Amino acid sequence: MKKILIVDDSFYMRTMLKNMLTDAGYEVVGEAPNGQTALELAKTTNPDLITLDVILPDNTGLDVLKGIKADQPDMKVVIVSAVGQEVIVNEAIEFGALAYIVKPFSEEKVLEVVSKALAE
Numbered sequence: 001m002k003k004i005l006i007v008d009d010s011f012y013m014r015t016m017l018k019n020m021l022t023d024a025g026y027e028v029v030g031e032a033p034n035g036q037t038a039l040e041l042a043k044t045t046n047p048d049l050i051t052l053d054v055i056l057p058d059n060t061g062l063d064v065l066k067g068i069k070a071d072q073p074d075m076k077v078v079i080v081s082a083v084g085q086e087v088i089v090n091e092a093i094e095f096g097a098l099a100y101i102v103k104p105f106s107e108e109k110v111l112e113v114v115s116k117a118l119a120e
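All residue numbers for the sequence shown refer to UniProt numbering, where the first residue is 1 and numbers rise by one.
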């Protein structure tokens with residue numbers, strides 16, 4: 001079973017993603033409401049994939065992405081954010097994100113992107 005860490009400051013978003021992913025047979029090994037917790041959980045839970053929001057209370061998702069990639073270069077990260085500006089999307093991909101999902105999203109889209117990212 002593939003393990004996923006969800007990073008989003010919104011409890012509602014984390015719950016929605018968790019329900020989608022667990023219903024699809026993934027194991028959600030952690031939920032982080034901020035960047036600091038995300039970096040800690042990325043190390044301790046060793047997930048197969050991380051879903052990461054761009055807007056976090058203590059950090060930007062892009063900084064968290066850089067931190068995760070510095071510690072775990074092979075970690076698979078998918079950005080899930082309401083911020084869909086091209087410059088941010090391009091930066092995320094440049095820093096090593098495998099995909100970028102813009103909120104609001106459909107369950108199909110999330111599961112398709114997660115499945116594809118895990119297969120890479």
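Here a beta-carbon is modelled for each residue, glycine too, at the ideal position from N, C-alpha and C.
This one's a predicted model, so the numbers in the text were calculated from it and none came from an experiment.
Quick check on DSSP: helix, strand or coil for residue i?
i      : result
ALA97  : coil
LYS18  : helix
SER81  : strand
LYS3   : strand
VAL110 : helix
LYS103 : coil
Would you mind sorting residue i into buried or exposed? The rule is 16 or more other CB atoms within 10 Å of its CB.
i     : result
GLY30 : buried
VAL78 : buried
ALA97 : buried
ALA32 : buried
LYS76 : buried
Compare the C-beta of residue i with all C-beta atoms of chain B and state if any pair is closer than 8 Å.
i      : result
VAL114 : Checking the listed chains, one finds no chain B in this structure; it contains a single protein chain.
Please report how far the alpha carbon of residue i lies from the alpha carbon of residue j, in whole angstroms.
i      : j      : result
ARG14  : ALA82  : 14 Å
PRO57  : LEU17  : 19 Å
THR45  : ILE101 : 23 Å
LEU111 : MET20  : 8 Å
GLU27  : VAL87  : 32 Å
ALA117 : GLU40  : 22 Å
ASP63  : VAL7   : 13 Å
LEU65  : ALA92  : 8 Å
Any idea which residues DSSP pairs residue i with across the strands?
i     : result
VAL28 : ILE4
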